[in-house]
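K.L.:
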Amino acid sequence: MERMQLDVREDELFTSLSAVRDLVAKRTLRPLCLLSSSARSDFPASSPPFDSVVVGLAPTAFEYSKLNEAFRLLAGEEGEGTKGEVPLIVTHKARPFITALEEAAGCQAEIVGKPSKAFFQLALDSLASHDLSNDEIGMTGKYRPGDEDKLEHKPEWVGRDFAAAVDAMLAEAA
Numbered sequence: 011m012e013r014m015q016l017d018v019r020e021d022e023l024f025t026s027l028s029a030v031r032d033l034v035a036k037r038t039l040r041p042l043c044l045l046s047s048s049a050r051s052d053f054p055a056s057s058p059p060f061d062s063v064v065v066g067l068a069p070t071a072f073e074y075s076k077l078n079e080a081f082r083l084l085a086g087e088e089g090e091g092t093k094g095e096v097p098l099i100v101t102h103k104a105r106p107f108i109t110a111l112e113e114a115a116g117c118q119a120e121i122v123g124k125p126s127k128a129f130f131q132l133a134l135d136s137l138a139s140h141d142l143s144n145d146e147i148g149m150t151g152k153y154r155p156g157d158e159d160k161l162e163h164k165p166e167w168v169g170r171d172f173a174a175a176v177d178a179m180l181a182e183a184a
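Sequential numbering of the sequence shown, starting at 11, is according to my numbering.
1. Where does Arg13 land, buried or exposed, given buried means 16+ other C-beta within 10 angstroms?
2. Over what stretch of residues does the alpha helix (DSSP H) that includes Leu111 continue unbroken?
3. Enumerate in chain order the residues of its own chain whose CB-to-CB distance from His102 is below 7 Å, with the five nearest sequence positions on each side excluded.
4. Looking at the C-beta of Arg19, does it have a partner C-beta in chain D at a distance below 9 Å?
5. Less than 8 Å between the CB atoms is what I'm expecting for Phe81 and Ala114, so what's the real figure, rounded?
6. Ser56 by DSSP, collapsed to three states: which one?
7. Identify, in the order they occur along the chain, each residue of the same chain with its Cβ nearer than 8 Å to the Cβ of Glu118, setting aside the five sequence neighbours on each side.
8. Between Lys164, Glu182, Arg40 and Val176, which has its C-alpha nearest Ala55's C-alpha?
9. How about Phe53 and Leu44: do their beta carbons lie closer than 9 Å?
10. If you draw a straight line from the alpha carbon of Glu162 to that of Met179, how long is it in whole angstroms?
11. Nearest CA to the CA of Val63: which residue from Thr38, Val96 and Asp17?
12. Can you look up Pro41 in the DSSP assignment and give me helix, strand or coil?
13. Can you give me the Cβ contacts of Val34 inside the same chain, cut-off strictly under 8 Å, excluding the 5 residues immediately before and after it?
14. With DSSP run on the structure shown, which of helix, strand or coil describes Val168?
15. Tell me the DSSP secondary structure of Ser47 in three-state form.
16. Can you look up Glu73 in the DSSP assignment and give me helix, strand or coil?
17. What does the alpha-carbon distance come out to for the pair Val168 and Arg154?
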């Protein structure tokens, strides 16, 4: 992004990890996290009893004891869920480990990383406020023509939807 001369702060990026973090918060889950220590720092600390399993790209977390703990939780042998009720949420398909957990516990992973539909829906949810003073996605939700005239600080531009905003930004950058 720096090469493209985009002034973007790290907290403005929406990543697969951001999507999983938002989903965990939205569902008020207490996950067992099989994540790298740096990725784990993006999540609030949770302690047993866990009610979900979150898996990301974390080779050091894929050890027998951690995978066994995740299996027991997914199989309904630990925590607050019963078999089939404990969500397995994945940032990316760490294929062999996810497949092993799915097969052993009889569950289906919910992929929240790119390019899943869930990822893009969570990204849109993080943008769309449907509130004129905070809306970053265009004339959506409760917007009515002329609403922008009611603001103390007038917007520089108002677009009909997100696609129009992207088109305008690309045209300006060209």
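A virtual CB, placed ideally from N, CA and C, is assigned to each residue, including glycine.
What you are looking at is a predicted structure, and each value in this text was computed from that prediction instead of being measured.
P.N.:
Reading from the atomic positions:
1. exposed
2. Arg105 to Ala115
3. Ser26, Gly66, Leu67 and Gly123
4. Absent from the structure is chain D; it holds one protein chain and no more.
5. 5 Å
6. coil
7. Residue identity check: residue 118 is Gln in the sequence provided, not Glu. Leu98 and Glu112.
8. Arg40
9. no
10. 24 Å
11. Val96
12. strand
13. Pro41, Phe53, Ser62, Val64 and Ile99
14. coil
15. helix
16. coil
17. 12 Å
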